[in-house]
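Here's the structure we're looking at; comments come further down.
Protein chains: 4
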Amino acid sequence: MPTAEPPARPIGRGAKVRTAVHAATVAELLDKGYAALTVENVAQRAGVHKTTVYRRWVDRDRLLVDALAEHMSADIPVPDTGAIETDLRALAHSIVQTFSSPTGQAILAAMFTGAAHLPEIAEARRQVFDDRLARAEPAVTRAIDRGELARDTDAAEVLKTLVAPIYLRLLLTAEPVDETTADNAVQVTMAAARAGLLRTASADVPASE
Amino acid sequence: MPTAEPPARPIGRGAKVRTAVHAATVAELLDKGYAALTVENVAQRAGVHKTTVYRRWVDRDRLLVDALAEHMSADIPVPDTGAIETDLRALAHSIVQTFSSPTGQAILAAMFTGAAHLPEIAEARRQVFDDRLARAEPAVTRAIDRGELARDTDAAEVLKTLVAPIYLRLLLTAEPVDETTADNAVQVTMAAARAGLLRTASADVPASE
Amino acid sequence: MPTAEPPARPIGRGAKVRTAVHAATVAELLDKGYAALTVENVAQRAGVHKTTVYRRWVDRDRLLVDALAEHMSADIPVPDTGAIETDLRALAHSIVQTFSSPTGQAILAAMFTGAAHLPEIAEARRQVFDDRLARAEPAVTRAIDRGELARDTDAAEVLKTLVAPIYLRLLLTAEPVDETTADNAVQVTMAAARAGLLRTASADVPASE
Amino acid sequence: MPTAEPPARPIGRGAKVRTAVHAATVAELLDKGYAALTVENVAQRAGVHKTTVYRRWVDRDRLLVDALAEHMSADIPVPDTGAIETDLRALAHSIVQTFSSPTGQAILAAMFTGAAHLPEIAEARRQVFDDRLARAEPAVTRAIDRGELARDTDAAEVLKTLVAPIYLRLLLTAEPVDETTADNAVQVTMAAARAGLLRTASADVPASE
DNA sequence: GACTAAACGAGACGGTACGTCGAGTCTTTGT
DNA sequence: ACAAAGACTCGACGTACCGTCTCGTTTAGTC
Chain A
61 MPTAEPPARP IGRGAKVRTA VHAATVAELL DKGYAALTVE NVAQRAGVHK TTVYRRWVDR
121 DRLLVDALAE HMSADIPVPD TGAIETDLRA LAHSIVQTFS SPTGQAILAA MFTGAAHLPE
181 IAEARRQVFD DRLARAEPAV TRAIDRGELA RDTDAAEVLK TLVAPIYLRL LLTAEPVDET
241 TADNAVQVTM AAARAGLLRT ASADVPASE
Chain B
61 MPTAEPPARP IGRGAKVRTA VHAATVAELL DKGYAALTVE NVAQRAGVHK TTVYRRWVDR
121 DRLLVDALAE HMSADIPVPD TGAIETDLRA LAHSIVQTFS SPTGQAILAA MFTGAAHLPE
181 IAEARRQVFD DRLARAEPAV TRAIDRGELA RDTDAAEVLK TLVAPIYLRL LLTAEPVDET
241 TADNAVQVTM AAARAGLLRT ASADVPASE
Chain C
61 MPTAEPPARP IGRGAKVRTA VHAATVAELL DKGYAALTVE NVAQRAGVHK TTVYRRWVDR
121 DRLLVDALAE HMSADIPVPD TGAIETDLRA LAHSIVQTFS SPTGQAILAA MFTGAAHLPE
181 IAEARRQVFD DRLARAEPAV TRAIDRGELA RDTDAAEVLK TLVAPIYLRL LLTAEPVDET
241 TADNAVQVTM AAARAGLLRT ASADVPASE
Chain D
61 MPTAEPPARP IGRGAKVRTA VHAATVAELL DKGYAALTVE NVAQRAGVHK TTVYRRWVDR
121 DRLLVDALAE HMSADIPVPD TGAIETDLRA LAHSIVQTFS SPTGQAILAA MFTGAAHLPE
181 IAEARRQVFD DRLARAEPAV TRAIDRGELA RDTDAAEVLK TLVAPIYLRL LLTAEPVDET
241 TADNAVQVTM AAARAGLLRT ASADVPASE
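Heads up: the protein sequence lines correspond to chains A, B, C and D, in order. 61 is the number of the first residue of the first sequence in the numbering used here; add one for each residue after it. 61 is the number of the first residue of the second sequence in the numbering used here; add one for each residue after it. 61 is the number of the first residue of the third sequence in the numbering used here; add one for each residue after it. 61 is the number of the first residue of the fourth sequence in the numbering used here; add one for each residue after it.
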């Protein structure tokens, strides 16, 4: 939850600062990386004074998270191709494209590098991720409605199964992630879904089919 | 394993220091977390002087990575139950147990929190992971030999498919990981393997079937 | 006078710090001596933080020199008794008193102990000394005007001849310097001056006599 | 075997070390200056291990003083021209030459830069100086015997009067010291001596003339 | 259109940790 | 038995950045 000021007096004023600092933060992050990201540099890049930054964000980490959250929460194209498989493929490709770029790499790294301390931050990271998942859920829901997937299919589970191998490669192994990776993920996910392995919790203890 | 000292003189000498500092590092990490991990504190805890630490490790981060690498490269029980499914289940459970403990959490976090800068460090992290995977591969190989899995099954691929959902939950969503998570992962992996989706690269361009 | 404010803001602010640190520096110097003079101790004594000291003075040595320069450049009573001999005597006594005290000893020692490296510092030391000489010159000038000394008498030369034996004893031999030393110096100087040995450079190549 | 080795082991060995270290010390001092003179460098330059240096000299400062004392106590030409004035002139010129060279400057500086702490060191410095003076005293004594100077002339006083202005310039003002400086010093000293101002302490009281 | 209060610019400051350097000491090993 | 080799302790150095504080200077909204 970024700065939510109820319309007191200062309305149109700080918005420009906020935007400028956000941009500067992400830019610095991309240029120098997390370790070398100083508040002072960000401030200077934003054409603003250090104190001003501290007036709006308690912390360097909070600033980062806020900036990234905003940066990520933008345009996520939720695909709707009419078939779950192509939808998932579009989704997977979009993730791959987002994070296999240098920019994406930097962002990913930053989200983990400024992480452990402050549960607040881990929480922020989780939220960003959850948010993205939530936005994609309708694709699964539609598939269920279309009868492509079983009624008790767990949308979140489907999506997690889809993205897990991609993130694994992005975060742990250094393998290049490309369309093939994405496609494989789709196939595995579809196989699992069709096998009835991605159902809602209550159905985890499989009785019949 | 990380620091391979060619048998110079100081074999029996510095070894004690090395061990003590490693232990102190991990201990501090668990106690205070990455952010509050000071070289000075580590040194003190190891009953050693700060400069001595700097003589052996260039950097705070390098020290951490080295300590963790050693800490992780220990006892990994490679299961051999006679059936691939139970082997995978054992493997998955072992990961879950390792990292769902507070200790494991701290280590995981640390491995990512000291990350982005120094590709050296990302590399170290990758190596630790790869190492663990490599040790588990025989389980898959044996299954192939037993005829449980297709001849062209990609062992690494199988294992990645297995662990991906677990790490996803550990790193991105904050969901509790438990036996259920592990079991689900096993089932998905088995389904994918049986569907012929986890074959070696050359077979990725499907000809037959 | 609103327009006459070149010295921007930080005038009244840092001045207090500057003074406090100067005082603390001299105090520490006197208490512990040059070798044991720590920036940290000085800072603490001044009720200021180490970094603040480093913000204003590049170096421990620079700090010392600066502090001493200020300390020495204070009130130097230029005597004016109406006769050159008594003026010189007053001057000599003043030097003796200044430097034969423990305090003076410490300062003297410090001025040389923090010396050789950094020509900057040798320069500073020279300046302090020159400054003191320059302030005393009027005494000689007046004597010339009164006809006590020859018109081409070199004031600086006179003063150097006066102080040389005193500093010799202070710096090289460890003899106690007292009034007798001072008086002897005066007599020697007077004798030399009257013998026309302390004339300006142009007269250094003596033609007459 | 015991009789076959007259200059046993520890005698011939240590002497060489001593000499080498002394030389290395002075060399380092001249090259880098006092501030940058480390025991380790000296040891290395002498082809000896640090520990060995510490076995023979308690201290860095003690080492320096010892080395310099040896270095200075060498060849001091005590002039004997048959006339006090020319003797003094020779003496003064010799001092000027010794210390106006870069080498001499470095030595001088070093003698003061390692000074304040350890009264032991100030003492050593004093001794070096006293030694030089003592060696020169015969020149004055001979002059007294020849009847050039009054019987109660204080030889030490004469010499100090002679060297004082030279050292003043060397240590305090940065003026170049040359033959002129030396000659002036001689003239002043002679004037003072002839005026009966440089007599032994007991004669300081009587005002006869 | 002037007035007032919040936001900003500027910059020093206290504080924590960093990584470095050199002085001396201690231990191990070779001769 | 001695000394070369080198690791270790200790203390200080100077640096970087964090986050705080104070004080003057805009500037935006209200009257």
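By construction, the Cβ of each residue, glycine as well, lies at the ideal position given by its N, Cα and C atoms.
Check: Residue of D:VAL113, D:GLU100, D:VAL86 and D:GLN104 minimising C-alpha distance to ALA75 (chain D); Outcome: D:VAL113
Check: Which residues DSSP lists as bridging ARG259 (chain A), in chain order; Outcome: A:THR213
Check: Pairwise C-alpha distance: VAL81 (chain C) and GLU88 (chain C); Outcome: 10 Å
Check: Under 9 Å from the C-beta of ALA182 (chain A): neighbouring residues of chain B; Outcome: ALA169 and ALA234
Check: Selected residue, minimal CA-CA separation from LEU128 (chain D), among D:GLU145, D:LEU90, D:ALA152 and D:PRO139; Outcome: D:LEU90
Check: DSSP three-state assignment for LEU191 (chain B), whether helix, strand or coil; Outcome: The sequence as given places Asp at residue 191 (chain B); Leu does not occur at that position. In this structure, ASP191 (chain B) counts as helix in the three-state DSSP scheme.
Check: Helix, strand or coil at SER133 (chain A) [DSSP, three-state]; Outcome: coil
Check: Within 9 Å of chain B by C-beta, residues of the segment 217 to 234 of chain A in sequence order; Outcome: GLU217, LYS220, THR221, VAL223, ALA224, PRO225, ILE226, TYR227, LEU228, ARG229, LEU231, LEU232, THR233 and ALA234
Check: Spatial neighbours of ASP270 (chain B) in its chain, beta-carbon cut-off 8 Å, leaving aside the 5 residues before and after; Outcome: Nothing about residue 270 (chain B) can be reported from this structure: the residues present for chain B run from 61 to 269 only.
Check: Contacts of ASP191 (chain D) in chain C (Cβ-Cβ under 7 Å); Outcome: In chain order: nothing, as chain C lies at least about 12 Å away.
Check: Partners in chain A for VAL118 (chain B), counting only beta-carbon separations shorter than 9 Å; Outcome: Those do not exist, as VAL118 (chain B) stays about 15 Å from chain A at its closest Cβ, beyond 9 Å.
Check: Contacts around ARG229 (chain A), its chain only, beta-carbon distance under 6 Å, and the 5 residues preceding and following it disregarded; Outcome: GLU235 and VAL237
Check: Backbone secondary structure at LEU151 (chain B) - three-state DSSP; Outcome: helix
Check: Extent of the continuous alpha helix (DSSP H) to which LEU89 (chain A) belongs; Outcome: 74 to 92
Check: Through-space distance from ARG211 (chain C) to THR146 (chain D), alpha-carbon basis; Outcome: 30 Å
Check: Minimum Cβ-Cβ distance from ARG206 (chain A) to chain B less than 8 Å; Outcome: no
Check: Nearest-angstrom beta carbon gap, VAL218 (chain B) and LEU258 (chain B) [assumed within contact, 8 Å]; Outcome: 5 Å
Check: Cα-Cα separation between LEU148 (chain D) and ALA150 (chain C), rounded to whole angstroms; Outcome: 31 Å
Check: Residues, ordered as in the chain, of the segment 240 to 255 of chain B that lie near chain A by beta-carbon distance below 8 Å; Outcome: THR240, ASN244, GLN247, VAL248, ALA251, ALA252 and ALA255
Check: Own chain, CB closer than 6 Å to GLY164 (chain C), minus 5 neighbours either side, in chain order; Outcome: THR158
Check: Best match in B:LEU123, B:GLY93, B:TYR94 and B:ALA199 for proximity to ALA103 (chain B) [C-alpha to C-alpha]; Outcome: B:LEU123
Check: Chain B contact residues for LEU257 (chain A), given Cβ-Cβ distances below 8 Å; Outcome: ASN244, GLN247, VAL248 and ALA251
Check: Any C-beta of chain C under 8 Å from that of PRO266 (chain D); Outcome: Annotation note: pLDDT 46 at PRO266 (chain D) (below 50); position unreliable, coordinate value reported separately. With 8 Å as the cut-off, PRO266 (chain D) does not count as an interface residue toward chain C.
Check: Extent of the continuous alpha helix (DSSP H) to which VAL113 (chain C) belongs; Outcome: 110 to 116
Check: Beta-carbon proximity of GLY93 (chain C) to ALA166 (chain C), cut-off 8 Å; Outcome: yes
Check: Residue-level contact to chain C via CB, ARG186 (chain D), 8 Å cutoff; Outcome: yes
Check: Among C:ARG116, C:TYR227, C:THR213 and C:ALA261, nearest to ILE144 (chain C) - alpha-carbon criterion; Outcome: C:THR213
Check: VAL138 (chain D) - containing alpha helix (DSSP H), residue span; Outcome: That residue, VAL138 (chain D), is in no alpha helix (DSSP H); it is neither H nor E in DSSP.
Check: Distance, PRO139 (chain A) Cα to PRO198 (chain A) Cα; Outcome: 9 Å
Check: Beta-carbon contacts of VAL188 (chain D) that lie in its chain and below 8 Å, excluding the five residues immediately before and after; Outcome: LEU128, ALA129, MET132, SER133 and MET171
Check: Assigned secondary structure, THR98 (chain D) (DSSP; H/G/I helix, E/B strand, else coil); Outcome: coil
Check: Sequence-distant residues of the same chain with beta carbon closer than 6 Å to TRP117 (chain A), five excluded per side; Outcome: LEU123
Check: Same chain only: Cβ atoms within 6 Å of ALA203 (chain D), ignoring 5 sequence neighbours per side; Outcome: ILE144 and LEU209
Check: Given LYS220 (chain D) as reference, the closest of C:ALA215, C:ALA216 and C:TYR227 once Cα atoms are compared; Outcome: C:TYR227
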